[in-house]
Amino acid sequence: MEEADVVVVGSRLAGCAVAAPVARSGRKVIVIDKMTFPSDQLSTHLLTTTGVSELAKMGALPRVLATNPTRVNQATFVCEGIPCSERFRPADDGTDFGICVPRDLQDICLVEATREQGADIREGCVFDDLIWTNGRVAGIRYRDENGETREVHATLTVGADGRRSSVAARVGAWTPYRMSKNGRGLVFRYMDDPKLGTKDAETFIVWRENKSMAFAFPSAPVGKLLVLFMGHRDEVSAARKDPEGYWQAKLDQHPGMKERVAGVDSDSLTKVRSTGDTPAFFRASSGPGWALAGDAGHFKDPVTGQGMRDAMWAGRTLAEWVIPQLDDPASVDRATRQWEADRDLHCLPAYHFANQDTKIEKQSAVLQEIFRDAGRTEDPDLGDLFTRHRTPQEIVPLPRMVRALTLALIRGKEPRGKIVSRSIGDLRTELAIRREIRAGDFRSTRTVEGSDHTGVKWPAPPKAPPSESGMPPVPGAKKGRSEADSMEVSP
Ligand SMILES: Cc1cc2nc3c(=O)[nH]c(=O)nc-3n(C[C@H](O)[C@H](O)[C@H](O)COP(=O)(O)OP(=O)(O)OC[C@H]3O[C@@H](n4cnc5c(N)ncnc54)[C@H](O)[C@@H]3O)c2cc1C
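The sequence shown begins at 29 in my numbering and counts up by one.
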């Protein structure tokens, strides 16, 4: 049995973001992860300026940059052929570029950097159960890399163990109080960038065509490109059955992407990876002696590419709330609750934005006009959605929306009645979102029509630990890919 100030389960974005500042403050922090690093994770791993800035705050940026990623400071968003090219708005520390580093390269940098700052990170160690004292979580029981059961007692236990969080299950927060079904699936692969040396090879590009989206992310090391398609989630089964046939069909749907990857060396194409399993959710994320950071507590549709940034933001801010309180458990519990409320306010606009973007609908005439308007200059505008400098509501206030509607009615190719009726529905959703953000309710279970999508069948919680089920302990060490992507919910 050991003592620590903070014990963390999970040592990727959220876990390292909690542990690094706690260790820097001179407190004892122990982190366990069932994986051994390097370890991959199902993710398309885009970070914009504020995400890169979180890596800097964690102290991991120099190591991540040593993987030699393309530093990207501009994005092009194309909506039904209407382009909008912008510079990214820099983060508060001046970071003015985004990166896209594969998780097997990136996450080991976080582990090493956090360890270097004093955190005790233990790989190949599986969380089994919580230790409770007088109704408060007082630490964890885990199996080390040899299968030995060990205990850590701590003032605060943090679950940073991803969407399929066992810590959430053990505190009784497994089933989210709010969830929204994803409309889109993700199908992606890597390749050598055929446009290396051109401006395209230093630009994030997103095409929105009809009901489908295509993304080109210059990756790491320089010269690698990640290509992602987000069509209907049901397309994922087609992509699994016939990956190359599916790939060609998507290129035909997105001529801009077809041109972007023209001439690619076919030997450089990796296997196609996919998932249709990305429901968004909020879980209760704080309680006596415990907190859930990163995906363990909140997940939003990956169409926004903000999960990693938010996981680091959540981990860092949790640490900032609790570090001054660590000598007083009651103060820690008040701080984690305030942190949770703060996190929800911070993430709610992006949650709704992602819910709207995961809907399988044609690009609206109004959205096309917003793109045309934003595309008049290269100043940061729509990109603020992804850097999180402004909320969607700040970027498109009602007068801008009305102006876009007017132009859509003048220029739009669809019948005016159709444009108006869709706009009324969108406006209703938008007003409900604004009302909810203004209200700022804690753990709100309301559903916003047009944003919260029903129909998620939440899976059963992870199995009880072997010690409880009478099974003998098994060695914990696991190599290769994390299982965070295996939370299959019915389509
Ligand atoms: C398909 C897809 C694409 C995405 N694309 C992007 C993108 O482009 N940009 C972006 O910012 N975000 C993206 N995301 C989201 C992003 O991947 C997550 O938000 C991010 O990984 C969350 O980090 P985390 O540290 O909270 O959890 P995770 O990365 O899930 O890490 C959890 C860790 O906990 C460990 N763990 C779990 N259970 C146990 C246990 N019992 N004992 C010990 N350890 C345990 C795991 O081994 C793992 O290492 C994407 C997600 C998906 C699914």
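Positions of the beta carbon are idealized from the N, C-alpha and C atoms, including for glycine.
Where residue i falls, given that 16 or more other Cβ within 10 Å makes a residue buried
| i | result |
| --- | --- |
| Gln276 | exposed |
| Gly200 | exposed |
| Ser479 | buried |
| Gly315 | buried |
| Glu397 | buried |
| Met336 | buried |
| Val37 | buried |
| Val430 | exposed |
| Ile60 | buried |
| Gly498 | Confidence is the limiting factor: at Gly498 the pLDDT is only 39, short of 50, which leaves the residue's position unreliable, though a coordinate-based value still follows. It counts as exposed. |
| Pro97 | buried |
| Trp349 | buried |
| Asp293 | exposed |
| Ser451 | buried |
| Gln134 | buried |
CB-CB length for residue i against residue j, believed under 8 Å
| i | j | result |
| --- | --- | --- |
| Ala586 | Thr78 | Residue coverage of the chain in this structure runs from 29 to 519, which leaves residue 586 outside it and unanswerable. |
| Ala47 | Thr142 | 5 Å |
| Lys286 | Gly259 | The pair is not a contact, with the Cβ atoms about 15 Å apart (cut-off 8 Å). |
| Ala321 | Ala188 | 5 Å |
| Cys153 | Arg171 | 7 Å |
| Thr72 | Thr415 | That belief does not hold up - the Cβ atoms of Thr72 and Thr415 are roughly 17 Å apart, past 8 Å. |
| Leu413 | Ile423 | 6 Å |
| Cys128 | Ala248 | 7 Å |
| Phe65 | Asn101 | Not really, about 29 Å apart at Cβ, beyond 8 Å. |
Simplified DSSP assignment, three categories, for residue i
| i | result |
| --- | --- |
| Ala393 | helix |
| Pro503 | Because the pLDDT at Pro503 is just 36, under 50, the model does not fix this residue reliably, and the value given afterwards should be weighed accordingly. It is coil, neither helix nor strand. |
| His481 | coil |
| Ala436 | helix |
| Glu176 | coil |
| Ala242 | strand |
| Phe381 | helix |
| Ala182 | strand |
| Gly43 | helix |
| Gly187 | strand |
| Arg169 | strand |
| Leu413 | helix |
| Ala358 | helix |
| Glu30 | strand |
| Val430 | helix |
| Val35 | strand |
| Phe470 | coil |
| Trp349 | helix |
| Glu368 | helix |
| Arg344 | helix |
| Asp157 | strand |
| Ile452 | helix |
| Arg192 | coil |
| Glu151 | strand |
| Arg52 | helix |
| Arg418 | coil |
| Arg444 | helix |
Distance, residue j Cα to residue i Cα
| i | j | result |
| --- | --- | --- |
| Pro246 | Asp132 | 16 Å |
| Ser392 | Ile447 | 8 Å |
| Arg471 | Ala290 | 48 Å |
| Ala460 | Glu272 | 42 Å |
| Ala51 | Ile149 | 11 Å |
| Thr231 | Asn162 | 55 Å |
| Glu496 | Arg164 | Low confidence applies here, because Glu496 scores a pLDDT of 47, under 50, leaving its location unreliable; read the following figure in that light. Cα-Cα distance, rounded: 20 Å. |
| Ala342 | Thr364 | 11 Å |
| Ala402 | Glu31 | 54 Å |
| Ala267 | Arg301 | 9 Å |
| Lys390 | Leu41 | 34 Å |
| Met29 | Glu458 | 52 Å |
| Ser39 | Arg428 | 43 Å |
| Leu256 | His181 | 43 Å |
| Arg192 | Ala488 | 10 Å |
| Val195 | Leu158 | 8 Å |
| Glu406 | Leu254 | 24 Å |
| Ala382 | Gly190 | 19 Å |
| Phe216 | Leu70 | 10 Å |
| Thr386 | Pro204 | 19 Å |
| Arg509 | Leu138 | Caution applies to Arg509, whose pLDDT of 48 falls short of 50 and renders its modelled position unreliable; the value that the coordinates give is listed next. Their backbone Cα atoms lie some 16 Å apart in a straight line. |
| Ala541 | Asp33 | With the chain covering only 29 through 519, there is no way to say anything about residue 541. |
Within-7 Å CB hit, residue i to chain B
| i | result |
| --- | --- |
| Gln276 | Of the protein chains in this structure there is only one, and it is not chain B. |
- [ ] Jot down the residue ranges of each uninterrupted alpha helix (DSSP H) in the segment 57-142, minimum 4 residues, whole runs only, in chain order.
- [x] Counting whole runs of 4 or more residues, the segment 57-142 contains the alpha helix (DSSP H) stretches 77-86, 89-93.
TODO: Write down every uninterrupted run of the beta strand (DSSP E) in the segment 245-290 whose length is 3 residues or greater and which is fully enclosed by it, in chain order.
DONE: Whole beta strand (DSSP E) segments, 3+ residues: 252-258.
Open item on the list: Going residue by residue through the segment 207-240, where are the continuous alpha helix (DSSP H) segments of at least 4 residues, counting only ones entirely within it?
Closed with: With a minimum length of 4 residues, no continuous alpha helix (DSSP H) run stays inside the segment 207-240.
Task: Whole beta strand (DSSP E) elements within the segment 289-342, 3-residue minimum - done: Qualifying beta strand (DSSP E) stretches, in chain order: 301-303, 308-310, 318-320.
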